[in-house]
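Mind the numbering: the sequence shown is residues 21 to 348 in the working numbering, read in order.
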Amino acid sequence: MTLHRRQFMAGAAGLAALSPSLGHAQTRWQMATPYADGNLHTRNIRTFIEDIQKASNGQLAVQLHSNGALLKMPEIKRGVQTGQVQLGEILLTAYANEDPLFDADALPQLVVNYAQAKRLSDLQRPFIEARFARQGLSLLYMVPWPPAGLYSQEPVTSLEQLRGQRFRTFSPMTNRFAQLIGAQPTLVQAAELAQAFATGVVQAQITSAATGVDTQSWDYAKVFTPLGFSMTKNAVFVSRRALQGLSEQQQQMIRAAAEAAEKRGYELSEQAARETQATLGQRGMRVLEPSARLLEDLTRVGSTMAEEWVQRAGEDGKKLLDAYRASA
């Protein structure tokens, strides 16, 4: 090799090191979420993606498919496992049939504020990470929904009033709740809520004010009763194979962006809790404080469901619940 040739190749190698886009082809990932563009979780994801793309100098590009456009909620986790998409977001409790540990935050009245939500999430994380790892997934971050409340057509002062009603469910835990109060459980995804209420498929539901705003609940329900019923959370995760296909520096970059997304997500969720409940009232819904009887009913049903959950979740479930209660 001539001196000129060696000098040229050395110079080219140096330029490639300084300009990553010249040295490596762009990696393109797909991400699926079941939630609408305006939802707090989707907005957080968009910032997460922007952070990744900026930190990678454009070497990693992520295309987001929101509102279940590419994959619906029940399909997303499997979609990441099979490589159809590399990143996904799910409501953990919606997957509780796979593992009861995904359902801990859905126990009625167990978590009623953000400090409690964070404490439970931190304790729950190692269990979720271990389960995801066995399935070829890597957990990135988790963010809670605002506290859930009751949507109904008339004021509800006791759970007895919901007996016999067609009650919207979206997870095994909400399904069991409906059974225990004598309602008729009916599975409906968030994107189909308005139509389900309009056609009489469901008559009542428990979900966050944020979901109510996303689905324009003032068009199908008249009363919202904030309960602090539960603060379920979403999990954002990545295919381990896809993640390990990146450089160590890129992997660390994604972890850093995920850490920032979790912190930001809590702030967005708290903000949404305040703003979306106010929006329901501004749009004409009656926002009513729960009666003492209703809260007593919820505590009673919640205790039953916690006992049942520990039986299903086994030793890990007992460890988690004991640790959470001990940390109060």
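From the three backbone atoms N, C-alpha and C, an ideal C-beta is built for every residue, glycine too.
Sequence-distant residues of the same chain with beta carbon closer than 7 Å to residue i, five excluded per side
i    : result
S158 : F152, F257, V258, R260, L263
V330 : G337, K338, L341
A56  : T62, S86, N87, D234
K92  : P54, Q209
G156 : Q101, S259, R260, R261
Beta-carbon proximity list for residue i, same chain, < 6 Å, skipping 5 on both sides
i    : result
N254 : H61, E109, L111, V163
S228 : W165, P166, A168
N117 : P192
L213 : T235
N195 : T189, P205
Heavy atom of the ligand GTP within 6 Å of residue i beta-carbon
i   : result
E70 : Of ligands this structure carries none, so the ligand GTP is not represented either.
Close Cβ partners of residue i (< 8 Å) along its chain, the five nearest in sequence each way excluded
i    : result
T67  : A281, R284
A346 : none
Q199 : P205
I96  : A52, T53, P54, V105, G108, E109, I110
Nearest residue (CA-CA) to residue i, options the options
i    : options                : result
Q225 : M325, G99, T102, L179  : L179
E350 : A346, D119, Q223       : This structure gives no information on residue 350, because the portion of the chain shown stretches from 21 to 348.
S76  : E268, R196, R154       : E268
A230 : L170, T206, G334, Q185 : L170
V132 : G232, A214, L318       : L318
R145 : Y161, Q136, Y134       : Y161
Beta-bridge pairing of residue i - partner residues as DSSP gives them
i    : result
M51  : L84, L107
P205 : F187
V330 : DSSP, once it has assigned bridges, lists no residue as partnering V330.
R306 : V243
- For the segment 158–186, list the alpha helix (DSSP H) runs that are entirely contained and at least 4 residues long, ordered along the chain. none
- In chain order, each alpha helix (DSSP H) run of at least 4 residues that lies wholly inside the segment 210–285: 213–218, 229–234, 260–264
- Message: I want to know whether the segment 235–253 touches the segment 119–135 - three or more CB-CB distances under 8 Å.
- Response: yes
- Message: For the segment 235–246 against the segment 301–320, do three or more pairs of beta-carbon atoms, one drawn from each stretch, fall closer than 8 Å, so that the two count as touching?
- Response: yes
- Message: Give the list of continuous alpha helix (DSSP H) stretches no shorter than 4 residues that lie fully inside the segment 56–100.
- Response: 60–75
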